[in-house]
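Engineer:
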Amino acid sequence: MSQPTPTASSPANAQKRYEVHRSDLPLSCPLPSMALWNSHPRVYLAIEDEGGESQCPYCGAHFVLVD
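Shown next, in the form of structure tokens:
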């Protein structure tokens, strides 16, 4: 029997990389499109002030500004 992958036991929006656009700003996590949109309190991420990359302090989702 094979072991489950690490993501199989993680929340749907944990440890993933999301590409976002300036039209998506202001950026918040969880995003409305995420499967578990209410998996943790909504937090706004200052991705522009952080050099175009930001990580959610709750779930670890990594966001990259692509434009």
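Per full-length UniProt numbering, residue 1 is the first one in the sequence shown, and the count goes up by one each step. From the three backbone atoms N, C-alpha and C, an ideal C-beta is built for every residue, glycine too. Please read all numbers here as calculations on a predicted model, not as lab measurements.
Quick one: using the 10 Å Cβ neighbour count with 16 as the cut-off for buried, is Pro-30 buried or exposed?
Structural biologist: The residue labelled residue 30 in the question sits at position 30 within the sequence shown. Pro-30 comes out buried.
Engineer: Can you tell me which of the three DSSP states Arg-42 falls into?
Structural biologist: Translated into positions along the sequence shown, residue 42 becomes position 42. Correct three-state label for Arg-42: coil.
Engineer: Compare the C-alpha of Arg-39 against each of Ala-46, Arg-17, Pro-57 and name the closest.
Structural biologist: Residue numbering aside, residue 39 sits at position 39 when the sequence shown is read from its first letter. Just to set this straight, residue 39 is Ser in the shown sequence, not Arg. Cα-wise, what sits closest to Ser-39 is Pro-57.
Engineer: From Leu-27, Ile-47, Glu-53, Val-43, pick the residue whose C-alpha is nearest to that of Cys-59; which is it?
Structural biologist: Against the sequence shown, residue 59 aligns to sequence position 59. The shortest C-alpha separation from Cys-59 is found at Val-43.
Engineer: Would you please state the rounded distance, in angstroms, between the beta carbons of Leu-45 and Ser-33? I believe it to be under 8 Å.
Structural biologist: For the purposes of this step, residue 45 is taken as residue 45 along the sequence shown, with counting starting at 1. For the purposes of this step, residue 33 is taken as residue 33 along the sequence shown, with counting starting at 1. Not quite, the Cβ-Cβ distance comes to about 15 Å (not below 8 Å), so this is no contact.
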